[in-house]
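Asks: Sharing a structure here in C-alpha cells format.
Protein chains: 2
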Amino acid sequence: MNFSIAEENYIKNIYHLQQQSELVNTNSLAYELQTKPASVTDMLKKLQIKNLLDYEKYKGFRLSSKGNKVAINIVRRHRLWEFFLVTKLGFEWDKVHAIAEELEHVSNQELIQKLDRFLNHPQTDPHGDPIPDGNGKMPVIHQLSMADVVEKKKVIVSSVGNQSPAILELLNHYHINIGTEIKINQRFSFDGSIEIKVGKYAACIISELVAKNIFVYHE
Amino acid sequence: MNFSIAEENYIKNIYHLQQQSELVNTNSLAYELQTKPASVTDMLKKLQIKNLLDYEKYKGFRLSSKGNKVAINIVRRHRLWEFFLVTKLGFEWDKVHAIAEELEHVSNQELIQKLDRFLNHPQTDPHGDPIPDGNGKMPVIHQLSMADVVEKKKVIVSSVGNQSPAILELLNHYHINIGTEIKINQRFSFDGSIEIKVGKYAACIISELVAKNIFVYHE
DNA sequence: ATTAATTTTTAGACAAATCTAAAAAAAAGA
DNA sequence: TCTTTTTTTTAGATTTGTCTAAAAATTAAT
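Following this line, the structure appears as C-alpha cells:
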C-alpha cells in the first residue's frame, strides 16, 4: 500500500513521539509537525480509517501494528539516505536531515534494497541511530553517543559522527581516535559539557556538541 | 524559486515536447501527462503567471527563458539520478526511469552538486542522453545510440546501456565489445532491426532493442 | 464540586490540482 | 463561404490537506 507524503510525515512523527511516551496527544504532534491541532485531528481520522492508528476521541492515540510497520520502513529509508549522504556524498552529519526527509518519501522497494546493499548494510546512521533491516528488525546497537553515557564509565571510541576537518582537528587535540579508551568523569548540566580522561593525559572538558559527535561502546 | 511536483512535471514535459516542435499544444501535453486538456489549461495559466511560459489563449505555448532554465535543471537531476541508479546501485537501464521521476523532485542544489561530483561529472545518462552541467550547458555528445545511426556508416562502440548478463551474453555472441568497429548496412522499418557487419564476421541482424542499448561514435 | 483552564474536536472555508460537461475558438471540408 | 470537426477554454464540482473560530470534552484548581 502507498501513502501520501503528508500521511508518511504524520506516521513517522507519531512513531518518534511514541519512543518517549506510549500514548501520543494531538498538541504535541501538531507542534512536532509545525501545524495546527485541528489539522492533526483531521489526519488522525484518515489514518484510523486506513487501520494505521488506534485512536479514540479525546483519549490520545498510538500506531497500530500495521502503522508501526509503515513507520519503521520510513525510518529505514530516512537513515539509509542519511548514511549515503554522509559517507558517499561527503555531507556533514548535521546537514543531511532535511534532505533525507525528502528522499525518504521515494518509496520503491527495490531502490531501498539496492541502496542498502550498495552501502554494505549499515547498522547505524551518521547520528548513531540504528537502521532497521528489510524486515523491520532493529539491530542491537552497542554504540551510543558519548553525550548519553553515564558518569564514571569507561568507553571505547567506535566512530565519529562528523567528518569535518574542524572536529577532526579538535579530536586530535584531545588525543582521541577510533579505539581510544575514555573515562567519563563528570557531566555538567549547565551546558552539557563533560569532563573526560583520555589515557595518561590530564583530564579535560569537551563540549556537548563534541560529545554528541563521538560514538562509543562500553567495556 | 521552488516549484510543486505538479508544476515541475508540466515544465519537464513541455521541455521534452519542444525538442520535437517549437510550439506545444494542449492536447499533446495532456496526453504526455496522462491527464485531461482542461487540467492542462488550468496549469498553463499558473505557469504563465510565474513567468515560466509564453502562452496565448488558443495559440499554443512554449517555455520562457526562465522556464527553460528550470526545465534543464529538472532534466539534469533526472539524468544524474538515472546514472547513479545504473552505475552505483546496479539497476538495469530500462528500470530506472520511474524511480528517477521521483528523485528528480528533491531539489537541493548542494545535493545535486555533490551527487554530480560523486559520479565524476558524467556526460550522458544510461540511455545516452546528455546531462546538462550546473550552468545548464548541454555537453556536446558524439556518442549516440546505434538505433539512431544512419545507414552505411562505420561506427565504434563506446558503451553499453544495459549491464545485464542477458545482453552481455548476446553481445559476446555478436563479437561486439567496447572499441569494436561496426558497419551499419541496412535498417528494416518493419521491426526496427538493423543489419550490421562486425569486423571480418558475416553480416548479421540485431533487434531494435539491442541497437538501442549499444552506444557508438562515428569515425 | 463547581468553576476555570486546557486540550481536542467540529464546522465551515480555502488553495492546489484535478475532473466532467458544456461553451467558444480555430481548423478542416464541402 | 458556410458548415462540420477538432481543439481549447470556461464553469462548476471534487479531493487532499490545510486553516480559523467556536464548541465540546477533559483536566486542574479553588
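Protein sequences, first through last, are from chains U and W.
Just so you know, we're using the working numbering here: the first sequence kicks off at 34 and counts up by one.
Just so you know, we're using the working numbering here: the second sequence kicks off at 34 and counts up by one.
Positions of the beta carbon are idealized from the N, C-alpha and C atoms, including for glycine.
Predicted model, so just to flag it, every value in this text is computed and none were measured.
Beta carbons nearer than 9 Å to chain U: which residues of the segment 122–139 of chain W have them?
Replies: So the list reads Leu122, Gly123, Phe124, Lys128, Ala131, Ile132, Glu135, Leu136, His138, Val139, given in the order they occur along the chain.
Asks: Measure the C-alpha to C-alpha separation of Val193(U) and Ile211(U) and round it to an integer number of angstroms.
Replies: Taking the straight line from one Cα to the other gives about 8 Å.
Asks: Residues in its own chain within less than 6 Å of Glu115(W) by CB, not counting five upstream and five downstream?
Replies: Excluding residues within five positions, the ones whose Cβ falls inside 6 Å are Val129, Ala133, Asp158, Pro159.
Asks: Can you list the residues of chain U that Phe151(W) reaches, using a CB-CB cut of under 8 Å?
Replies: The contacting residues are Lys121, Leu122, Gly123.
Asks: On a CA-only basis, which of Glu40(U), Leu204(U), Lys245(U), Ala236(U) is nearest Ala104(U)? Give me that one, please.
Replies: Of the candidates Glu40(U), Leu204(U), Lys245(U), Ala236(U), the one whose C-alpha sits nearest the C-alpha of Ala104(U) is Glu40(U).
Asks: Can you tell me whether DSSP reads Leu96(W) as helix, strand or coil?
Replies: Residue state, collapsed to three classes: strand.
Asks: Using a Cβ-Cβ cut-off of 8 Å, state whether Lys90(W) counts as contacting chain U.
Replies: Output row for Lys90(W): interface = no.
Asks: Pro165(W) to Asn205(W), Cα distance in whole Å?
Replies: If you take the alpha carbons of Pro165(W) and Asn205(W), they lie about 33 Å apart.
Asks: Can you tell me whether Asp149(W) is buried or exposed? The criterion is at least 16 other CB atoms within 10 Å of its CB, across all chains shown.
Replies: Flag for Asp149(W) reads buried.
Asks: Using a C-beta to C-beta distance shorter than 9 Å, which residues of chain U count as neighbours of Asn141(W)?
Replies: Residues of chain U passing the Cβ test: Ala131, Ile132, Glu135.
Asks: Do you know whose CA, among Leu56(U), Lys92(U), Leu86(U), lies nearest Asn101(U)'s CA?
Replies: Here the closest residue by C-alpha is Leu86(U).
Asks: Which residues bound the alpha helix (DSSP H) around Ser61(U)?
Replies: Note, Ser61(U): alpha helix (DSSP H), 59–65.
Asks: Out of Met34(U), Met76(U), Gln52(U), Val57(U), point me to the one whose CA is closest to Asn42(U)'s CA.
Replies: Nearest of Met34(U), Met76(U), Gln52(U), Val57(U) to Asn42(U), Cα basis: Met76(U).
Asks: Can you look up Leu86(U) in the DSSP assignment and give me helix, strand or coil?
Replies: Leu86(U): strand per DSSP, three-state reduction.
Asks: Mind the definition here: the segment 105–112 of chain U touches the segment 133–147 of chain U only if three or more C-beta pairs lie below 8 Å; say whether that holds.
Replies: Yes: at least three Cβ pairs fall under 8 Å.
Asks: Interface residues of chain W around Leu148(U) at Cβ under 7 Å?
Replies: Those are Leu122, listed as they occur along chain W.
Asks: Let's see if you can read the secondary structure: which residues bound the alpha helix (DSSP H) around His49(W)?
Replies: Start and end: 38–51.
Asks: Looking at the C-beta of Leu144(W), does it have a partner C-beta in chain U at a distance below 8 Å?
Replies: With 8 Å as the cut-off, Leu144(W) counts as an interface residue toward chain U.
Asks: Taking buried to mean at least 16 other C-beta atoms within 10 Å of its own C-beta, is Gly161(W) buried or exposed?
Replies: With 16 or more other Cβ atoms within 10 Å, it is buried.
Asks: So Gln52(W) and Leu96(W) are supposed to be a Cβ contact under 8 Å. How far apart are they, rounded?
Replies: With 8 Å as the limit, Gln52(W) and Leu96(W) do not qualify as a contact, their Cβ atoms being about 11 Å apart.
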